[in-house]
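Protein sequence lines correspond, in order, to chains H and B.
The working numbering puts the first residue of the first sequence at 73, with every later residue one more than the last.
The working numbering puts the first residue of the second sequence at 519, with every later residue one more than the last.
Take a look at the structure below.
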Amino acid sequence: MIFPTTSSPRTPVRVVVTGAGIVTALGIGWKPNAEGFRAGRVAFRPVSQFDVSRQRVKTAAEVDLPAVLPPTRLGARSIARLDRAGAMLVLAALEAWQQAGWESAENLLLVLGTTAGGMLLGESYFRQAVQQPQRHRRQATRAVHYQPQVQARMVLDAIGFSGPITIISNACASGGNAIGHAWDLIRCGQAERVVAGGYDALGEMVFSGFDSLQALSPTVCRPFDARRDGLALGEGAAVVNLETLESARRRGAFILGELTGYGTSIDQHHLTQPHPQGSTTLTVMKQACANAGVTPEDVDYINAHGTGTVLNDSSEALAISEWAGRRAATLPVSSTKAGIGHLLGGAGAVEAVVCLMTLREQWLPPEIEFETPDPACKFPIVNKPQDARVNVAMSNSFGFGGVNATLIFRRWA
Amino acid sequence: MSRIFVAGLGAVSPAGWNVAALRDALDKGEPLPVQAMTRPGWEKPLPARLVPNPPIRPEFLAHPRLRRTSPITHYAAAAALEAVAGLRANPAAKNFRLGVIACLQSGCVQYSCRFYDETLKNPSTASPLVFPETVYAAPTSHVAALLENVVLACSLVGDPASFLQGVSLGAQWLDENRVDACLVIGTEETNWIMADAMWHLDRRAIATAGAGTLCLCRDPKLSSGVELAAITDAHTYSARLDRTQAAQAMRGQLGENSPKELLCDGIGNSPRTDAAERGAWSNWTGPRVSPKQILGEGLMAAAAWQCVAACDAVANERFAAANVSLVGSNQQAMGARFVRTNSGISHLSGGRP
Chain H
73 MIFPTTSSPR
83 TPVRVVVTGA
93 GIVTALGIGW
103 KPNAEGFRAG
113 RVAFRPVSQF
123 DVSRQRVKTA
133 AEVDLPAVLP
143 PTRLGARSIA
153 RLDRAGAMLV
163 LAALEAWQQA
173 GWESAENLLL
183 VLGTTAGGML
193 LGESYFRQAV
203 QQPQRHRRQA
213 TRAVHYQPQV
223 QARMVLDAIG
233 FSGPITIISN
243 ACASGGNAIG
253 HAWDLIRCGQ
263 AERVVAGGYD
273 ALGEMVFSGF
283 DSLQALSPTV
293 CRPFDARRDG
303 LALGEGAAVV
313 NLETLESARR
323 RGAFILGELT
333 GYGTSIDQHH
343 LTQPHPQGST
353 TLTVMKQACA
363 NAGVTPEDVD
373 YINAHGTGTV
383 LNDSSEALAI
393 SEWAGRRAAT
403 LPVSSTKAGI
413 GHLLGGAGAV
423 EAVVCLMTLR
433 EQWLPPEIEF
443 ETPDPACKFP
453 IVNKPQDARV
463 NVAMSNSFGF
473 GGVNATLIFR
483 RWA
Chain B
519 MSRIFVAGLG
529 AVSPAGWNVA
539 ALRDALDKGE
549 PLPVQAMTRP
559 GWEKPLPARL
569 VPNPPIRPEF
579 LAHPRLRRTS
589 PITHYAAAAA
599 LEAVAGLRAN
609 PAAKNFRLGV
619 IACLQSGCVQ
629 YSCRFYDETL
639 KNPSTASPLV
649 FPETVYAAPT
659 SHVAALLENV
669 VLACSLVGDP
679 ASFLQGVSLG
689 AQWLDENRVD
699 ACLVIGTEET
709 NWIMADAMWH
719 LDRRAIATAG
729 AGTLCLCRDP
739 KLSSGVELAA
749 ITDAHTYSAR
759 LDRTQAAQAM
769 RGQLGENSPK
779 ELLCDGIGNS
789 PRTDAAERGA
799 WSNWTGPRVS
809 PKQILGEGLM
819 AAAAWQCVAA
829 CDAVANERFA
839 AANVSLVGSN
849 QQAMGARFVR
859 TNSGISHLSG
869 GRP
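In structure tokens form, the structure reads like this:
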């Protein structure tokens, strides 16, 4: 029974990350991504997945998927049904699983965040339904496989575990919320281990949507720069394997970092715009810090939501500045969306893995294109590759609809 | 873990814009009339049961956030307001911190189709007003803005059994004292492409739309007389557990037969789709209600109607307990059990106090 459950443990359980998988336009896997983020590499190029000739903006950060997926338990038929989003998700999950060294298991929870799920299949369905209304071939398959829970089941089947699936769709906070929810489940004793992450693929409808809002940058994506003029879109996935510290120690597992805090709330200001003063952002950062037992003085790096839009960055900058107080003057902040674009439902998960990289490898990911700080930024933006002492890293994620999420990770040494 | 009570219910369905209309339709037991939905490119229309226009224009549509929204948000808002009305009238709950969890399977299809259609025709003229309403999180956000004192919100996507994941999440938020009451909403809208997709998957399905809401609370004094007794495990379909086996596993966790108890099942009119659930409950001899047979296939809204109907039957003292069976289309089978507050009826095993 999932209700009623046994009482929560008296002492909160410590949650550690023992596996991480990542797929972005910088590459597939930890190593190429770590090298790219460390160098501040920029991965934008002309969009090749769909026609952008009539769009205002024509670039994005596309993932180069391998022609053949690495071996999994999926059959050829299932693999053929994977769309780009599903393929990226499976790749990230495989890497995380292998790194964690988990065995196949029953009743293992999977919590995923996504904004669009299999929308590429949904787009194909719509085009065929409109353009060839009498043609039914593959429509039933598309109608099933565009649903994110079916993509999630592919992860279970690919790796060979089973258990409940939860899909969170809080727009661009989804990935952060998924990892945070997994943390909650472990902390309150409902699970010992959870697989969590986020994913989204570039699609014509979403690209056109952001272009119609004139939210896409026609120049260069420069989060927190005074001259910023919009965001850039990307695609990708990230998955982390979370477990109790006790479980990890029992297995003698290699620990990538500890997830110590999570905060979430909803900003009711507007469907697509944050509160100008960043009041909810401030709330979730404080919540996460309270959970983690840290103060701004303890935080060594913030991976900001930092989309590059005028409204998001000014709101977030005000919130970070107020939250950090005096610490702001020396607190390094950057947004890795400057290099890989906004991954929507995948963003929070990918950026969580970037935080783990900074903790493991002791560097900060720069925004190479950043030049002139927005006046609201009372903190330094990392704009050159640099090594740094990073013991605590924070990741912010905010979404359309107003749900905000903050995660705090601690170095495991 | 805290005891969780149901403080209020809300529903919008093809039967009308409140729980009473849903109750009346289910009591009559007659399938509602089917309307013809035009499917572009096809001569023959598709069947649907549409939500009628509300008798009077809801006041909430004057809220600035709701003016441009699509029907899915209207349904969710109306069901949420109905479910929370009792709490709002109670001075003891004036400053309650609310949570909102919206569960969807298909989501905002009307604006998604409209926006993508505009994109295909000419992306440079696609409407920026429509695009934000295409995201799954839009109805949750609008309902939160409408209710104002919402501190936590989440949109869950999945097959209809996921509605009980939403109820479980709401119970968790209450147990952790993160909210004082939590609205769990199942909502969907329909259009020709939804009906088209259903036609491809199940020729007998009749597409419908609407919403259902449970308002959960921790304080027994605010209960409508209904307590959440149990939610089964989520029995996820896999290579090792097919839909039939999952339905049986869920059934096995919901206890034995009892003439005092109601079963709200998800059986519709399709022998193939319904076979797993029919088989799992074949030995149920007590009373049962099958809302989909009356209302149609409303996906997550239909799951919510099942829960609303179950709670309503217990709240009105027609039954001491009610079981809900949700055998989802492509993810999982889950069940739940609601009992009359302090009835002495066992939480975990049907009919055995």
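For glycine and all other residues, C-beta sits at the position ideal for the given N, C-alpha and C.
Task: B:Q771: contacting residues in chain H (beta-carbon distance under 8 Å) - done: M73
- [ ] Could you check what DSSP says for H:L257 in three-state terms: helix, strand or coil?
- [x] helix
- [ ] Output, in chain order, the set of chain H residues within a Cβ distance shorter than 9 Å of B:G676.
- [x] Q219, P220, Q221, A224, I237, T238 and I239
Task: Against chain H: residues of the segment 740–753 of chain B by CB proximity under 9 Å - done: L746, A747, A748, I749, T750, D751, A752 and H753
Task: H:N313 - containing beta strand (DSSP E), residue span - done: G308 to T316
Open item on the list: Would you say B:D792 lies against chain H (beta-carbon separation less than 8 Å)?
Closed with: no
Open item on the list: Taking the alpha helix (DSSP H) that H:Q200 belongs to, which residues open and close that run?
Closed with: M191 to Q203
TODO: Please classify H:G418: does DSSP put it in a helix, a strand, or coil?
DONE: helix
TODO: Can you pull the chain B residues whose beta carbon is under 9 Å from the beta carbon of H:E276, in chain order?
DONE: Y634, T637, L638 and P641
Open item on the list: Taking DSSP's pairing of strands, which residues face H:Q458 in a bridge?
Closed with: H:L436
Task: Opening and closing residue of the beta strand (DSSP E) in which B:A679 lies - done: Looking at the DSSP string, B:A679 is not in any beta strand (DSSP E), and its letter there is neither H nor E.
Task: H:R126: contacting residues in chain B (beta-carbon distance under 8 Å) - done: N640, P641 and S642
TODO: Indicate whether H:Q219 and H:G190 have their beta-carbon atoms separated by less than 8 Å.
DONE: yes
TODO: Measure from the alpha carbon of B:A655 to the alpha carbon of each residue in B:T859, B:V675, B:D830 and B:D751, then state which is nearest.
DONE: B:V675
TODO: Keeping to the same chain, check which residues put their C-beta closer than 7 Å to that of H:A106; ignore five residues upstream and five downstream.
DONE: M429 and E433
Open item on the list: Using 8 Å as the cut-off, can you tell me whether the segment 231–241 of chain H makes contact with the segment 196–215 of chain H, which would need three or more C-beta pairs spanning the two stretches below that distance?
Closed with: no
Open item on the list: Could you check whether H:V267 and H:V311 sit closer than 8 Å to each other, using their CB atoms as the reference points?
Closed with: yes
Open item on the list: Starting from B:A729, trace the beta strand (DSSP E) in both directions and tell me its first and last residue.
Closed with: G728 to C735
Open item on the list: Please classify H:A157 as buried or exposed, where buried requires at least 16 neighbouring CB atoms within 10 angstroms.
Closed with: buried
TODO: Please say whether H:V475 and H:T336 have beta carbons closer to each other than 8 Å?
DONE: yes
- [ ] Could you tell me which chain H residues have their CB closer than 9 Å to the CB of B:F876, listed as they occur along the chain?
- [x] No statement about residue 876 of chain B is possible, as the shown extent of chain B runs from 519 to 871 and does not include it.
Task: Cβ neighbour criterion (16 or more within 10 Å) applied to B:L647 - done: exposed
- [ ] Answer with buried or exposed for H:H208, where buried requires no fewer than 16 other C-beta atoms within 10 angstroms of its C-beta.
- [x] exposed
Open item on the list: Output needed for H:H217: all residues of its chain with C-beta closer than 6 Å, excluding positions within five of it in sequence on either side, in chain order.
Closed with: R153, G190 and L193
- [ ] Measure how close the beta-carbons of H:W435 and H:A460 come, nearest whole angstrom, since I'm counting them as under 8 Å.
- [x] 6 Å
Task: Min CB distance H:I258 to chain B below 8 Å - done: no
Open item on the list: If contact is defined by three or more beta carbon pairs under 8 Å, each pair taking one atom from either stretch, is the segment 312–327 of chain H in contact with the segment 162–182 of chain H?
Closed with: yes
Task: 9 Å Cβ cut-off: residues of chain B touching H:F198 - done: S630, C631, Y634, D635, L638 and I711
Task: Short Cβ contact (8 Å threshold) for H:Q487 with H:I237 - done: Beyond the ends of chain H as shown, which are 73 and 485, falls residue 487 of chain H; an answer cannot be given.
TODO: Give the DSSP bridge partners of H:N375, in chain order.
DONE: H:S406 and H:S467
Task: Contact set between B:F560 and chain H, taken where Cβ atoms lie within less than 9 Å - done: According to the sequence shown, residue 560 of chain B is Trp rather than Phe. Residues of chain H passing the Cβ test: P205 and Q206.
TODO: Give the residues of chain H in contact with B:S756, contact being defined as C-beta atoms less than 8 Å apart.
DONE: R225, L228, D229 and S234
- [ ] Return helix, strand or coil for B:C631, following the three-state DSSP convention.
- [x] helix
- [ ] For H:Y271, name the three-state secondary structure that DSSP assigns.
- [x] strand
Open item on the list: Under 8 Å, with one C-beta from each stretch per pair, do the segment 116–131 of chain H and the segment 158–165 of chain H reach the 3-pair mark?
Closed with: no
Open item on the list: Could you check whether the Cβ of H:E307 sits closer than 8 Å to any Cβ belonging to chain B?
Closed with: no
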